[in-house]
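Reading through the structure tokens given below for one structure.
Numbering (the numbering used here), first residue to last: -9 to 413.
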């Protein structure tokens, strides 16, 4: 593929993303906490291995979990992915199914100096908020009953620039600078159907806008040719700096009709402040043999009790979060010419995590099994991954979520921006 065609492809997909960057994930009452549910930075090949990637270098796939691993991408690479998810939310009184999908990421990397310095640019969601809660509430001093609706939408997105640099044969470092942007909308409305007069809704809308930068550093160490063969061992670590993001908060009161057309409105508050994200720490290791197979494990830690917001309600119910993942991949014969199935890469993994929030004042745990595969097409591939799991339990958290997620994407590798050499 020529440089021009590659550039046009990137431009076209970026234009598509511009209108659908955040998308609409499946609803979850757990997204009411903080700034919503974190997406994580794993691409589809990571998702197939339970999210493993901090200490797992890849040649044909971009590693956007640890920027120090980018040095292993010697060709220009492009990856795009979408995700579909379905959730079944149950409690003693509720059994609800919800589903949704959206564009998951758009990422490219290109070597500045192959093998020594690689740059990556990407666009992907950081968090998502999508919930709707409805209930009846008695009005004090009246026999009327109000129908109350609480809802949230939006989330934060990030566009980032990463650089990975090899310092020695075995040691590399990296840095990611991300521009975090977008907004979160929380709305509270009630409706009283009085016999006299036309019915209307009373709504309070609270919107938080965020525009600022966040940074993450990474380091990686690799040992090759172990045991007199092509086995390799890798260690990686990442550190996300605690960040104060510039934020704007507004609270608006409005009366609306049933078509949600505003009858009258009043701005109650408009202020500027900071949204403080906690620092994060992650470690990963992997062991593998050439291009045939690799097994890896990751661990991440964040203390969300340190989170602060221009909207004080967002700080409630947050706690320490951690995530452990184990997974691997195998390609039976990467160079087979007589069998397509031998060149397919198969993946499997699992994850276990503690969510960054408390539900019913109790910890919320998430356990899931992941698997996936990549169908090769030259140096490129079609990628799929699946995740099935459960989050929370009714005994402790009142609510319980069973879910499955389906990821689909493409990976392209070519010499789009590498200047050819002539004899």
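Yeah, the Cβ is synthetic: ideal placement off N, Cα and C, and Gly gets one too.
Check                                                                                                                : Outcome
Cβ pair residue 224, residue 152 closer than 9 Å                                                                     : no
Residue 165 to residue 317 span [Cα, whole Å]                                                                        : 25 Å
Endpoints, alpha helix (DSSP H) assigned at residue 53                                                               : Where residue 53 is concerned, there is no enclosing alpha helix (DSSP H), given that its DSSP letter is neither H nor E.
Residue 338 versus residue 250 - alpha carbon distance                                                               : 47 Å
Given residue 302 as reference, the closest of 74, 196, 65 and 73 once Cα atoms are compared                         : 196
Any 3 or more C-beta pairs closer than 8 Å across the stretch 280 to 287 and the stretch 228 to 238                  : no
Coarse secondary structure for residue 98, derived from DSSP in three states                                         : strand
Expected contact under 8 Å - CB spacing of residue 190 and residue 246 to nearest Å                                  : 7 Å
Rounded C-alpha distance that separates residue 59 from residue 255                                                  : 52 Å
Span separating the alpha-carbon of residue 260 from that of residue 115                                             : 26 Å
Option in 356, 94 and 297 with minimal Cα separation from residue 397                                                : 94
Beta-carbon proximity check, residue 37 vs residue 375, cutoff 9 Å                                                   : yes
Length-filtered (3 minimum) beta strand (DSSP E) runs lying within the stretch 278 to 326                            : 283 to 293 and 310 to 320
Beta bridge counterpart(s) of residue 159 as assigned by DSSP                                                        : Looking at the DSSP assignment, residue 159 forms no beta bridge with any residue, so it has no partner.
Of the residues 20, 15 and 24, the one placed nearest residue 299, counting alpha carbons only                       : 24
For residue 35, the residue or residues it bridges with in DSSP                                                      : Its beta-bridge partners do not exist; DSSP assigns none.
Residue range of the alpha helix (DSSP H) that includes residue 123                                                  : Run containing residue 123: none in the alpha helix (DSSP H); it sits in the beta strand (DSSP E), 117 to 128.
Other residues of its chain near residue 233: CB distance less than 6 Å, five sequence neighbours each side excluded : 204 and 267
Beta strand (DSSP E) segment containing residue 77, residue limits                                                   : 66 to 80
Residues near residue 52 in its chain [Cβ-Cβ closer than 7 Å; skip 5 each side]                                      : 33, 63, 67, 69, 97, 99 and 110
Whole-Å CB distance - residue 288 paired with residue 42, under 8 Å assumed                                          : 5 Å
Simplified DSSP state of residue 200, which is helix, strand or coil                                                 : strand
Cβ pair residue 145, residue 118 closer than 9 Å                                                                     : yes
Three-way DSSP call (helix, strand, coil) for residue 268 in this model                                              : coil
Local Cβ density within 10 Å of residue 306, reported as buried at 16 or more and exposed below that                 : exposed
Same chain only: Cβ atoms within 8 Å of residue 81, ignoring 5 sequence neighbours per side                          : 384, 388, 389 and 390
Residue 369 in three-state terms, based on DSSP                                                                      : coil
Residue nearest to residue 368 in terms of C-alpha spacing, selected from 297, 77 and 327                            : 327
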